[in-house]
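Notes to accompany the following structure.
2 protein chains.
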Amino acid sequence: MENRLEKIKKQLHASSYKLTPQREATVRVLLENESDHLSAEDVYLLVKEKSPEIGLATVYRTLELLTELKIVDKINFGDGVSRYDLRQEGAAHFHHHLVCIECGSVEEIQEDLLEDVEVIVEKRWKFQVKDHRLTFHGICHRCQKEHEKEKPKTKNASI
Amino acid sequence: MENRLEKIKKQLHASSYKLTPQREATVRVLLENESDHLSAEDVYLLVKEKSPEIGLATVYRTLELLTELKIVDKINFGDGVSRYDLRQEGAAHFHHHLVCIECGSVEEIQEDLLEDVEVIVEKRWKFQVKDHRLTFHGICHRCQKEHEKEKPKTKNASI
DNA sequence: ATCCGTGCAAATGATTTGCAAGTCG
DNA sequence: CGACTTGCAAATCATTTGCACGGAT
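Order-wise, the sequence lines are chains S and F. The first sequence begins at 1 in the working numbering and counts up by one. The second sequence begins at 1001 in the working numbering and counts up by one.
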């Protein structure tokens, strides 16, 4: 944890930005809630718990900065807000998401899975792929199990 | 063209909505600019050319309605606006996009390309895929050619 | 002193909503 | 009549910006 913070500090310095207390608090919240896909407001509220003096605008500015430096990715699931997601350690590419249309949960997929598809796109459309965004919408494992409870599966469910 | 409009009219009626003149004008604009990824404002301006009395709110309401009925897809490329894209005739799935990070152009890919990936996701994550959204960010063919002009490629480009 | 970074409040821009009036079966 | 639609203006919500102050070099 601490070493990831150190690394981010170096990345900031490399572009001559400082890791101010506000920025550090913001990054810490991101690190501590890595799998949560927080919105700017979410981050703001969490940062505020430990550093009540911080302003919302500062959080926005910090998230924008981190996005520029590709330390986080700004994502959008179609609700009205942007969400911010830390990049994995050495990930060249963005990771994928599984959004459940029933319970709204979001799972992450770290595996690339798109190597083959990218080759096809580069060949067939002559498009030089730099990054991608892939989201699947569907029903998560938990919700599927919920359904089975309601309507218990028999050997021969049809009719 | 006309038959697609007819089809949409039926889809509306099936959910007991009418194809009012305003809605028809909006749908026509979408049909006539099918590959353009128009924002609500874009649609509004285009509709206004032929039907100046229409209100922006009506366009928003129509687009929302069409989205609900899955006649169009609401997409978001990360600029501040939502864009609206007609679904292909019988497409169960959403088509993909190639967004050029240099000139901003957007190409569409109708091919699925994700069959294999979806099988993996369903197996490995036990996630029942219903739809997907895939966008590649990179450099389009035209912009690549622009680069070659500036810096003509020799047999041995290095050094 | 100079810059960078911050907080606050005001501004912006996209989208939504309330409501009174219109349409059409 | 009565449900569905509309246009307009006002409201809302996320995000951005202007600006004067504060802290570090």
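No residue lacks a Cβ here, since even glycine has one placed at the ideal position from N, Cα and C.
- Item | Exposure of S/T20, with buried meaning 16 or more beta-carbon neighbours within 10 Å | exposed
- Task: Please name the residue, chosen from F/G1055, F/H1095, F/Y1084 and F/G1080, that lies closest to F/E1064 on a Cα-to-Cα basis.
- Result: F/Y1084
- Name the DSSP beta bridge partners of F/F1136, please? S/H132 and F/L1098
- Message: Could you check whether the Cβ of S/T135 sits closer than 8 angstroms to any Cβ belonging to chain F?
- Response: yes
- S/C140 and S/L113 closer than 8 angstroms at C-beta: no
- Item | Contact check, S/H137 vs F/K1130, beta carbons under 8 angstroms | yes
- Item | Cutoff 8 angstroms: F/V1129 Cβ touching any chain S Cβ | yes
- By how many angstroms is the C-alpha of F/I1054 removed from the C-alpha of S/K70? 43 angstroms
- Message: DSSP has S/S82 in a bridge; who is on the other side?
- Response: S/N76
- Any residues in the stretch 40-71 of chain S with a beta carbon nearer than 9 angstroms to a beta carbon of chain F? Which ones, in chain order? none
- Give the secondary structure of F/I1120 by DSSP, where H, G and I count as helix, E and B as strand, and everything else as coil. helix
- Item | Identity of the residue in F/K1018, F/L1086 and F/S1051 nearest F/S1039 by Cα | F/L1086
- Message: Under 8 angstroms, Cβ to Cβ, is there at least one residue of chain S near F/Q1144?
- Response: yes
- Query: So which residues on chain F does S/E107 lean against when the C-beta distance must stay under 9 angstroms?
  - Reply: W1125 and F1127
- Task: Using a Cβ cut-off of 8 angstroms (strictly closer), state whether F/G1078 contacts chain S.
- Result: yes
- Looking at the C-beta of F/H1141, does it have a partner C-beta in chain S at a distance below 8 angstroms? yes
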